[in-house]
């Protein structure tokens, strides 16, 4: 798997591959064409080395080669509750590609990007306690669940657990 910047060219695959579970975790509802196009247009304008970065996890050849969108994720240095050196790590896999190890490949690629960024020393993950696959994935890469509960980013009526991955301990 390789990462590329998330942009408008990924819209069709996201719309086709989203399901209720993914929608609930990312934006609280299924993407519409208009809302997704608006988000992807904004993401495409963000600086490649900026404080908010969204990536597409692609199968196939790296650096512009043919590939299939498997999922995506982001590194966000501007988010409520972050301390200096923190970044929020997000990740998602489209429904047709789950259960095949792509989540681990995606997170490994995102961790490599985070480790290359001197501004990031610790990653914060916000995971719904009912999202068992995401909890297992976070645990498998060394993230530690804290005792902190926070408001779900996509749904104020739900809570998420805060997980921490200290990149300096590797």
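In the UniProt record's numbering, the protein residues as written are 1 to 170. For glycine and all other residues, C-beta sits at the position ideal for the given N, C-alpha and C. Computed from a predicted model, the values in this text were never measured in an experiment.
Check: Whose C-beta lies closer than 7 Å to the C-beta of residue 152 among residues of the same chain, with five residues either side of it excluded?; Outcome: 128, 158, 159 and 160
Check: If contacts are defined as beta-carbon pairs under 8 Å, then residue 73 and residue 89 qualify, I think. What distance do you get, rounded to the angstrom?; Outcome: 7 Å
Check: How many whole angstroms separate the CB atoms of residue 162 and residue 139, which I take to be in contact at a CB cut-off of 8 Å?; Outcome: No, residue 162 and residue 139 are not in contact; Cβ-Cβ is about 14 Å, not under 8 Å.
Check: For residue 148, write down the residues that DSSP places opposite it in a beta bridge.; Outcome: Note: residue 148 sits in no beta bridge, so no partner.
Check: Considering just the uninterrupted stretch of the beta strand (DSSP E) at residue 2, what are its terminal residues?; Outcome: 2 to 5
Check: Residue 68 bridges to which residues according to DSSP?; Outcome: Answer is none; residue 68 lacks a bridge partner.
Check: Expressed to the nearest angstrom, what Euclidean distance is found between the alpha-carbon atoms of residue 68 and residue 167?; Outcome: 29 Å
Check: DSSP on residue 19, reduced to helix/strand/coil?; Outcome: coil
Check: By DSSP, does residue 54 sit in helix, in strand, or in coil?; Outcome: strand
Check: Return the first residue and the last residue of the alpha helix (DSSP H) that residue 33 is part of.; Outcome: 33 to 45
Check: Would you kindly check if the distance between the Cβ of residue 81 and the Cβ of residue 150 is under 8 Å?; Outcome: yes
Check: Enumerated in chain order, which unbroken segments of the alpha helix (DSSP H) with a length of 4 residues or greater are wholly contained in the stretch 79 to 142?; Outcome: 102 to 116 and 132 to 140
Check: Short of 7 Å in beta carbon distance, which residues of its chain neighbour residue 41, apart from the five on each side in sequence? Order them along the chain.; Outcome: 8
Check: Which residues does DSSP list as the beta-bridge partners of residue 160?; Outcome: 150
Check: Compute the distance between the beta-carbons of residue 48 and residue 5, then report whether it is under 8 Å.; Outcome: yes
Check: For residue 112, count the other beta carbons within 10 Å of its own beta carbon; 16 or more makes it buried, fewer makes it exposed. Which is it?; Outcome: exposed
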